[in-house]
Amino acid sequence: MKKIFLRYSALSLAVILTAVSCKKKDPPSTTEPEPTTGKVKMEFFNNVGGSSLNLDNQWYVNEHGDSFTVSKFNYYITNIVLTGSGTSYTESNSYHLVQQSDASSQSFDMTDIPVGTYDSVTFMIGVDKEHNTSGAQTGALDPVNGMFWSWSTGYIMLKVEGHSPQSPSNLVEFHCGGFSGLNSSVRTVSMPLSSPVSVTGSNDVHIHLTADLLKMFKSPNVIDFSTTYSVTMPDSNAKKLADNYANMFSITYAGL
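In terms of this note's numbering, the sequence shown has 696 at position 181, counting the first letter as 1, and numbering is strictly consecutive.
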């Protein structure tokens, strides 16, 4: 009787093991891991007192009452930092040349931004001291862009050229440079976003910054084109203009 029981038990165990081994295996999980980074597109819009900036063929009036046209408007945006509650992002190799004559230069993507909520942005107008003295460079910092003087005086941080009948030469040219000392034209700007933005891996965030050129001639220093019409070296006039253009940016949109 005992032998029969043992045989039966062994047979039952074999059947169970066979059934278990033949059971269809669950497919491997296809759930994608949650993304840890996202993307932000920075877009720049240049205007003059709320009117679109048109090169060469439109007249504007500054705070002093001087009429002028604009043939060139370039500036460097560098060292961008996004900050939020418990998170921050510093763009690597953060050097961008925005040119009114080149629409493709007026927007760029920042990638690998940690997922999170951001509510402010900080950036430089101009090029930091390190890259003013780093030898020949490429991309936005390539001297071929016409924004570089020499290794001793460095980059032109912002350039405006145009015409004004109030100027003794009928021309205005403001090449604001200088990266050290009292007459540095580099300015750091920090401002809150128009609304907090959530960076995720599934949606691209857009931040719109508007540069109002009129503010460059308005505050805190009213610029008179009859006396200040040509600035082409680091000096007190370049510093005054830099103090003004530090206030010319505003954030007009932040969202998807």
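For glycine and all other residues, C-beta sits at the position ideal for the given N, C-alpha and C.
- Message: With three or more beta-carbon pairs closer than 8 Å as the criterion, would you say the segment 562–569 touches the segment 655–662?
- Response: The segment 562–569 makes no contact with the segment 655–662: fewer than 3 CB pairs, one atom from each, lie closer than 8 Å.
- Task: Would you check whether the ligand NAP has a heavy atom nearer than 7 Å to the C-beta of GLY631?
- Result: Among the ligands in the structure shown, none appear at all, so the ligand NAP cannot be discussed.
- Spell out the partners DSSP gives TYR590 in its beta bridges. When DSSP reads this structure, TYR590 sits in a beta bridge with VAL613, LEU673.
- Is VAL737 helix, strand or coil when you go by DSSP? coil
- Residue ranges of each beta strand (DSSP E) within the segment 658–728, 3 or longer: When DSSP assignments are scanned along the segment 658–728, the uninterrupted stretches of beta strand (DSSP E) that are 3 or more residues long and fall wholly within it turn out to be 663–665, 669–678, 686–692, 702–714, 719–727.
- Item | Test item: CB-CB of GLY601 and THR715 under 8 Å | At the C-beta level, GLY601 and THR715 stay beyond 8 Å of one another.
- Task: Give a yes or no on contact between the segment 682–702 and the segment 661–670, applying the rule of three or more CB pairs nearer than 8 Å.
- Result: Yes: at least three Cβ pairs fall under 8 Å.
- By Cβ distance, which residues of its chain are closer than 6 Å to VAL576, with the 5 residues on each side in sequence left out? SER582
- Where ASN561 sits in the DSSP three-state scheme: strand
- Query: When DSSP labels each residue in this structure, what does LEU597 get in the three-state scheme?
  - Reply: strand
- Task: Classify GLY654 as helix, strand or coil using the three-state DSSP reduction.
- Result: Reduced to three states, the DSSP call for GLY654 is helix.
- To the nearest angstrom, report how far apart THR551 and HIS678 are at their CA atoms. 50 Å
- Message: Using only the alpha-carbon positions, how far apart do SER710 and TYR591 sit?
- Response: 25 Å
- Item | Among ASN685, GLU645, GLY641, ASP634, the one whose alpha carbon lies nearest that of ARG702 | GLY641
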